[in-house]
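Line order of the protein sequences matches chains A, B and C. Following numbering that gives the first Met the number 0, the numbering of the first sequence begins with 0 at its first residue and continues without gaps. Following numbering that gives the first Met the number 0, the numbering of the second sequence begins with 0 at its first residue and continues without gaps. Following numbering that gives the first Met the number 0, the numbering of the third sequence begins with 0 at its first residue and continues without gaps. Ideal Cβ positions, reconstructed from N, Cα and C, are used throughout, including at glycine. Notes follow the structure.
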Amino acid sequence: MAARLSPTPPDAVPAELFRPASQVHERAEAITRPPVGRWADAWGRFRQNRMAVAGLVVLLVVGFMAVAGPHMTPYDYRQTSLLDTDLPPSAEHWFGTDELGRDIFTRLWYGARISLLIGILAASIDLVIGVAWGGIAGYFGGVVDDVMMRIVDVLYGIPYLLIVILLVVVVGPGLWSIVIAMGSVGWVGMARLVRGQVLQIKEQEYVLAARALGVPPLKIVWRHVIPNTLGVILVNVTLTVPGAIFGEAFLSFIGLGVQDPLASLGSMIYSSYQVLRVYPHELFFPSAVLSLILLGFNFLGDGLRDALDPRERR
Amino acid sequence: MRRLLAVMGAAAALLALAVGAAAAESAPKPVPPIVMISDTGDVVRTMNQALQEMIRTNLGLEIQVEYMDFKTRLERMRNRNFAIAFAGWGPDYDDPMTFLDLFVTGSAFNDPGWSNARYDQLLEMAKNTTDQERRMQYFVEAEKILAQEAPIAPIYWRSRLSLYKPWVKGIIRRAVGAEAEYKWAYTQGRPGGDSPMYLNLNLGEEPPDLDPATSTDTVSFLILNATLEGLVRKGPDGSIKPGSGLAESWTVSPDGRVYTFKLRRATWDDGTPITAEDFVYQWRRVIDPRTASQYQFMMELAGIQNGSAIARMDPEKDDIDAALQTFGVKALDERTLQVTLEKPNPLFLELTTFISFLPAPRHLVQRYGDRYASDADKIGASGPFRIASWTHGYELVLEKNPRYWDAASVKLQRIHFDMIQDAGTALQLYEQGSLDIAGVASRFVDVYRNHPDLQPPWPDGSAFYWEFNVDHPVLKSAKVRRAIALAIDRQAFAERVLRNGSYPATSLVPPVITDPARGGSFQARVGELFPARANVQLARQLLREGLQELGYEVPAVAR
Amino acid sequence: MLRYVARRLVYAVVTLWFIATLTFVLMHLVPGDPFSSEKLTPQIHQLMLKKYHMDRPLWQQYLTYLGNLARGDLGYSMRQMNRTVADMIREGFPVSAHLGLQALALGLVAGLTLGIVAALHHNGWPDYVAVFLALVFISVPNFVVGSVAQYVFGVRLGWLPVARWESPIHTILPTLTLAVSLLAGQTRLMRTSVLEVLGQDYIRTAHAKGLAPGEVLWRHTLRNAILPIVTVMGPLTAGIVTGTFVVETMFGIPGLGKYYVQSVYNRDYPLIMGTTVFYSVLLVGLNLLVDLAYTLVDPRIRLGKAAD
């Protein structure tokens, strides 16, 4: 498309013919509702979703406790006391103590901090790489799609479990190796999902229309494709965060999770489920927080999906 | 730009060096990081943290733990890439040598890199005498040197807990060799009746290798001991007597070097006679470098003539087949086996009870080659039981071997082994009644503490200890090593952290190793060389002295 | 269409080669080897490496492996001596597939139903109940779910066997444990997807032109809503039929799942490679099926022409 032809040259009408328009005219065409930005609009709808707000509040509270909780007690997360092992909750130890006499309240929030960190970092890797990869492949299609999806196929073709274990064994178990291992294989799922969505949206009439009108590809992606995939992407992210937290719990099961004195919700659950019958409190508290995080992310995700769905704009 | 930075960095480093050198005279250096390498695992990480805390509280030293999987740790230990390593050792035979031999100069297992001339001399003298009393005295002195120089800090001697159904009787557990002996096992009062008599047990995993020449693991040993008969089979009390195995009787030459075994008339479970040739064949396989048997060293330890020479041969250059003819094991006739040793060896008969000395059925090994012992129909039995069926990775069923020479003593008709890996599942199966025995791992102890079926702790013979790399800038001081060893409260650790009846290790060789001169435990002769309770005061004093001698900062608590 | 499938098959071979190579490299990056063990002397270690031709340069081992692989030979396990990897897979896979498909069917049916119900009653109580149900089950790791189920249904109530793999009764607990971990994901994905579709213009159009609600649901809504589920079906199925470590370990099931973990710990190179290649073949095949299914479910996607 070369130069766009204007129906009349700009200097075709003499300046003296112009005069200021009356304000009445302008109001006549005004929109009755004040213009609301995309995000403000979404926020407005999000606020009305009680479950979503509840989810957000729960996450904020857990997040706050993960930061502040460990400092609310006189104990340190790694401080042991071999004379006070496996104590039930009391005034001294609000949530009791574990097998080394460590204060569970302190460890719990410290563990929540580590777990959230793992979840959020893994999800960020997924989000950044996965969305870009899947979006580009799906939108451009053709050779680009072929090449990019072949790479995804290769990564997807390796058993997730095996590669995570190999990576963690090579690097040595620890916070970072877990995040790197999960992130390096996790994003391909997101990429496939986004590509599938984009493939579908690309064929929709409104995209076809936009393309026919000559809207540049990037603008189509930004204005049409991304807003319409956002729902699926967000739902996926809100699954990825708890997914990564659970992934770490699984790694604890095979001995490759976060190692003491560090704590994570997964490692705390793993080291206490065996004594559930005698020390139920040791399993209860970390499980409860894990459930809260999970519920929070799920409700938040659903709320976000609804709020960001352009079709629900009123 | 990058180059400029590099130059600046180098300059800064030089400056720092110069400043450091000047300061070294007056200000002590900070203690460099002490990194402990350890396996991962749910129990071990709490164990490590408890020990870390003891050292931090008692000495003010920070020990960092680096976790890795088992094989990575072994690799790091062999490469001596560690400051402290959490290691363990189980005995291969009932003699202090099986532990003390680890730390002689140049031993493949001397990961600390420690070397002490007197220690080496003592072990060498012990190898060259048959006088058991003198041997034990040498070993005691060696233990004392080990305690003084502390290349290692013993922590605990492991015990294990299990639940036994009340009708399970007659299983003998051993700290050396196969962990359990089922020959004399029986049941009494099983609900539903004791006939036919059977046991439901858990192996925990698939036996990886049931060829006695190459087998190395405890699970396989259990099955091999139940299905194969050696020259002798240890009695219920651990004694070694003529007639207890395939050897009806034996004579020893006056110089103690030549053993002549008279074999009893017996057959493999397929009816093929067991001959002296089966022994010769098998023992040659073990010493043959082409077999690459991990336990070749046991054959060498037995001191059979030319064994060590053959073991050192290069399969590509040397004529091993010719050399094997000179190996000191001969079949004089079908039922006479003659073994010639290089020098008299008081351990020889004890060693022949080890798995590597059990004869495999020559005719089957030759028929199946690499596939021998890969399935229930490709394996032979000469012992109390034979493999009835084997579903890989799931279950293995032993049945009474009707052709066993002492079949009359075997009461069990069947032993059903599951391969349940998860310790919690095994316990729940026990509670549901489908297992007759279940191990209680550390973490489960509190759940079953008051269970009526809980057996007294069984010491499994293994010792666990820290190894110190003697080339570490701080751990090269024997005083620092000893200080760390003294700062560990072994008793609290065993009682409060392990909780499974493990003993605080007050020396290296565990109490299960016997003292052949006096009878009883060798450990009783040694006494408490590492205190069961931490000796904090002495530990701090030694740390202070050690660090000051090396020019390092002394942590505040030890000043 | 045929050309498309042929081209995909060529890709599949290249993909497999790539995966095999990557795994080979990664696995040799891990310290230690199949034989390293506590009581191994360096001398015997050398002999063992020689015996199994592992003293040769890596590139030679790699080429040998590829050659064997091309001939369909996966080699011998180095942990379970004397057993071929092919045998181990042949014995383990049917068990894992049995458990996996059973759990998948249950999880899918339950998950999709819940998801649809939730979406059709968006923000009503059936929605909350469905979402909550789906979440409750996965909010604890499955080793806890499995262990508690064993205790309650096996030990306490005595209704079901705690473990082992013998009869259909034995499959109940592991199937349930596995299915609940699928349920939540499916529910949420389906719910989101249905909601997405319900907002589309063609649904409004369909309603507006007076189509029966059932027909709108069936012909327009579900058919479009199922797409994201189809996308994840390939990897999900491949992942689940090749075994799940936790459930198989906990319930003493002789499947493939444990090998993915154990082979790495044991440095059982042939088994690592064998299970990876097997998994990959399965996955690549299933993904091809998924992409073909796409064209059936949504005729607007023209895969064959997209690349031309």
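Margin query: Is it the case that the stretch 289 to 300 of chain B contacts the stretch 229 to 242 of chain B, given that we only count it when at least three CB pairs across the two stretches are under 8 Å?
Written below: No, because fewer than three Cβ pairs between the stretch 229 to 242 of chain B and the stretch 289 to 300 of chain B fall closer than 8 Å, the two stretches do not touch.
Item checked: Inter-residue spacing [alpha-carbon to alpha-carbon] between C:V24 and C:M272 -> Here residue 24 of chain C refers to the residue found at position 25 of the third sequence. Here residue 272 of chain C refers to the residue found at position 273 of the third sequence. Rounded to the nearest whole angstrom, the C-alpha separation of C:V24 and C:M272 is 11 Å.
Margin query: When you compare the CB of B:M124 with every CB in chain A, is at least one pair closer than 7 Å?
Written below: By one-based count along the second sequence, residue 124 of chain B stands at place 125. Using a CB distance cut-off of 7 Å, B:M124 does not count as an interface residue toward chain A.
Note to self: Relative to the C-alpha of C:R6, which candidate in A:Q199, A:L198, A:V146 has its C-alpha closest?
What the structure shows: Position 7 of the third sequence, counting from 1, holds the residue named residue 6 of chain C. Selection A:Q199, A:L198, A:V146 evaluated against C:R6 yields A:V146 as nearest (Cα-Cα).
Checklist line | Backbone secondary structure at C:K49 - three-state DSSP | finding: In the third sequence, the residue the question calls residue 49 of chain C occupies position 50. Under the three-state reduction of DSSP output, C:K49 falls in the helix class.
Item checked: Inter-residue spacing [alpha-carbon to alpha-carbon] between B:D268 and B:A387 -> In the second sequence, the residue the question calls residue 268 of chain B occupies position 269. In the second sequence, the residue the question calls residue 387 of chain B occupies position 388. Roughly 11 Å between the two C-alpha positions.
Check: What number of angstroms, rounded off, separates the C-alpha of B:E430 from the C-alpha of C:W164?
Finding: In the second sequence, residue 430 of chain B corresponds to position 431, counting from 1. In the third sequence, residue 164 of chain C corresponds to position 165, counting from 1. Roughly 18 Å between the two C-alpha positions.
Check: Can you find at least 3 beta carbon pairs, one from the stretch 412 to 428 of chain B and one from the stretch 194 to 211 of chain B, that sit closer than 8 Å?
Finding: They touch, by the three-pair rule.
Notebook entry, point to check: Can you list, in chain order, the residues of the stretch 7 to 19 of chain C whose Cβ is nearer than 9 Å to any Cβ on chain A?
Noted result: Answer in chain order: Y10, A11, V13, T14, L15, F17, I18.
Margin query: Following a CB-centred definition, is C:M189 positioned closer than 6 Å to any heavy atom of the ligand MG?
Written below: Absence of the ligand MG is noted for the structure shown, with no ligands found whatsoever.
Note to self: Taking the alpha helix (DSSP H) that C:V4 belongs to, which residues open and close that run?
What the structure shows: Taking the first residue of the third sequence as 1, we reach residue 4 of chain C at position 5. Residues 1 to 28.
Item checked: Contact set between C:Q149 and chain B, taken where Cβ atoms lie within less than 7 Å -> For the purposes of this step, residue 149 of chain C is taken as the residue at position 150 of the third sequence. Going along chain B in sequence order, the residues near C:Q149 (Cβ under 7 Å) are T424, Q427.
Check: Using the beta-carbon count (16 or more within 10 Å), is B:K342 buried or exposed?
Finding: Reading the second sequence from its first residue, position 343 is the one you call residue 342 of chain B. So B:K342 ends up on the exposed side.
Next item on the list: May I ask you to report which of helix, strand or coil DSSP gives B:H415?
Entry: One-based indexing of the second sequence puts residue 415 of chain B at position 416. Assigned with DSSP and collapsed to three states, B:H415 falls in strand.
Margin query: Quick check on DSSP: helix, strand or coil for A:I292?
Written below: As a working mapping, residue 292 of chain A is identified with position 293 in the first sequence. In this structure, A:I292 counts as helix in the three-state DSSP scheme.
Next item on the list: Have a look at B:T271 and B:Q147 and give me their C-alpha separation to the nearest angstrom.
Entry: Here residue 271 of chain B refers to the residue found at position 272 when the second sequence is read from its first residue. Here residue 147 of chain B refers to the residue found at position 148 when the second sequence is read from its first residue. In a straight line, the C-alpha of B:T271 is about 57 Å away from that of B:Q147.
Check: From the DSSP output, which residues share a beta bridge with B:N201?
Finding: Position 202 of the second sequence, counting from 1, holds the residue named residue 201 of chain B. DSSP links B:N201 through a beta bridge to B:D417.
Next item on the list: Anything in chain A within Cβ reach of B:Y66, meaning under 8 Å, just list it in chain order.
Entry: Here residue 66 of chain B refers to the residue found at position 67 when the second sequence is read from its first residue. Taking a Cβ-Cβ threshold of 8 Å, the residues of chain A close to B:Y66 are G171, P172, G173, Q258, in chain order.
Notebook entry, point to check: Quick one: Cα of A:D97 to Cα of A:G118, how far?
Noted result: Within the first sequence, residue 97 of chain A is the residue found at index 98, counting from 1. Within the first sequence, residue 118 of chain A is the residue found at index 119, counting from 1. Taking the straight line joining both Cα atoms gives about 24 Å.
Note to self: Using beta carbons (cut-off 7 Å, strictly below), is A:P216 in contact with chain C?
What the structure shows: If you number the first sequence from 1, residue 216 of chain A lands on position 217. Chain C contact via Cβ: absent.
Checklist line | Euclidean distance between Cα positions of B:G89 and B:V175 | finding: Sequence index remark: in the second sequence, residue 89 of chain B carries index 90 (1-based). Sequence index remark: in the second sequence, residue 175 of chain B carries index 176 (1-based). Answer to the nearest angstrom: the Cα atoms are 8 Å apart.
Next item on the list: From the DSSP output, in three-state form, read off B:R385 for me.
Entry: The residue labelled residue 385 of chain B in the question sits at position 386 within the second sequence. The three-state reading of DSSP puts B:R385 in strand, counting E and B together.
Checklist line | Amino acids of chain A, ordered along the chain, whose beta-carbon sits closer than 8 Å to that of C:V139 | finding: Within the third sequence, numbered from 1, the residue matching residue 139 of chain C stands at position 140. Correct list: I268, S286, L289, S290.
Margin query: Suppose only complete runs of 4+ residues qualify. What are the alpha helix (DSSP H) ranges in the stretch 241 to 302 of chain C, listed by chain order?
Written below: As far as the stretch 241 to 302 of chain C is concerned, its whole alpha helix (DSSP H) runs of at least 4 residues are 244 to 249, 256 to 264, 268 to 296.
Check: If you follow the beta strand (DSSP E) that B:K261 is part of, which residue opens it and which one closes it?
Finding: Residue numbering aside, residue 261 of chain B sits at position 262 when the second sequence is read from its first letter. Residue range 257 to 262 is occupied by the beta strand (DSSP E) that includes B:K261.
Check: In its own chain, which residues sit with a C-beta less than 7 Å from the C-beta of B:A20, not counting the 5 before and 5 after it?
Finding: On the second sequence, position 21 is the one that residue 20 of chain B refers to. Residue confidence is low: B:A20 scores 49 on pLDDT, short of 50, so the model does not pin down where it sits. No coordinate-derived value is stated.
Notebook entry, point to check: Below 7 Å between beta carbons: does that hold for A:L233 and A:R304?
Noted result: The residue you call residue 233 of chain A lines up with position 234 of the first sequence. The residue you call residue 304 of chain A lines up with position 305 of the first sequence. In this structure, A:R304 lies closer than 7 Å to A:L233 by Cβ.
Note to self: I'd like the span of the alpha helix (DSSP H) that includes B:M297, first residue to last.
What the structure shows: Taking the second sequence and counting its residues from 1, one reaches residue 297 of chain B at position 298. Counting along the chain, B:M297 sits inside the alpha helix (DSSP H) bounded by residues 295 to 301.
Next item on the list: Tell me, please, which residues DSSP counts as bridged to B:F85.
Entry: Along the second sequence, read from residue 1 onward, the residue named residue 85 of chain B stands at position 86. Partner(s): B:W465.
Notebook entry, point to check: Can you find a CB in chain A that lies within less than 7 Å of the CB of C:E247?
Noted result: Residue numbering aside, residue 247 of chain C sits at position 248 when the third sequence is read from its first letter. No, because no Cβ of chain A sits closer than 7 Å to the Cβ of C:E247.
Next item on the list: With a threshold of 16 other CB atoms inside 10 Å of the CB of C:Q261, please say whether the residue is buried or exposed.
Entry: Position 262 of the third sequence, counted from the start, is the residue given in the question as residue 261 of chain C. Buried.
Note to self: Any beta carbon from chain A within less than 7 Å of B:G445's own beta carbon?
What the structure shows: Looking up residue 445 of chain B in the second sequence gives position 446. For clarity, residue 445 of chain B is Asp in the given sequence; the question names Gly instead. Cβ-Cβ to chain A under 7 Å: yes for B:D445.
Next item on the list: Check the C-beta distance from B:S373 over to C:R82 and give it rounded, since I have them as a contact under 8 Å.
Entry: Your numbering for residue 373 of chain B matches position 374 in the second sequence. Your numbering for residue 82 of chain C matches position 83 in the third sequence. In this structure B:S373 is in contact with C:R82, their Cβ atoms being roughly 6 Å apart against a cut-off of 8 Å.
Notebook entry, point to check: Ordered along the chain, which non-local residues of its own chain (more than five positions away) have a Cβ less than 8 Å from that of B:D470?
Noted result: Here residue 470 of chain B refers to the residue found at position 471 when the second sequence is read from its first residue. So the list reads R79, G112, once near-sequence residues are dropped.
Check: Are there 16 or more other CB atoms within 10 angstroms of the CB of B:P455, so buried, or fewer, so exposed?
Finding: Within the second sequence, the letter at position 456 stands for residue 455 of chain B. Result: exposed.
Next item on the list: Classify A:Q47 as buried or exposed, calling it buried when 16 or more other Cβ atoms lie within 10 Å of its own Cβ.
Entry: Reading the first sequence from its first residue, position 48 is the one you call residue 47 of chain A. Residue environment: A:Q47 is assigned as exposed (fewer than 16 neighbouring CB atoms within 10 Å of its CB, all protein chains considered).
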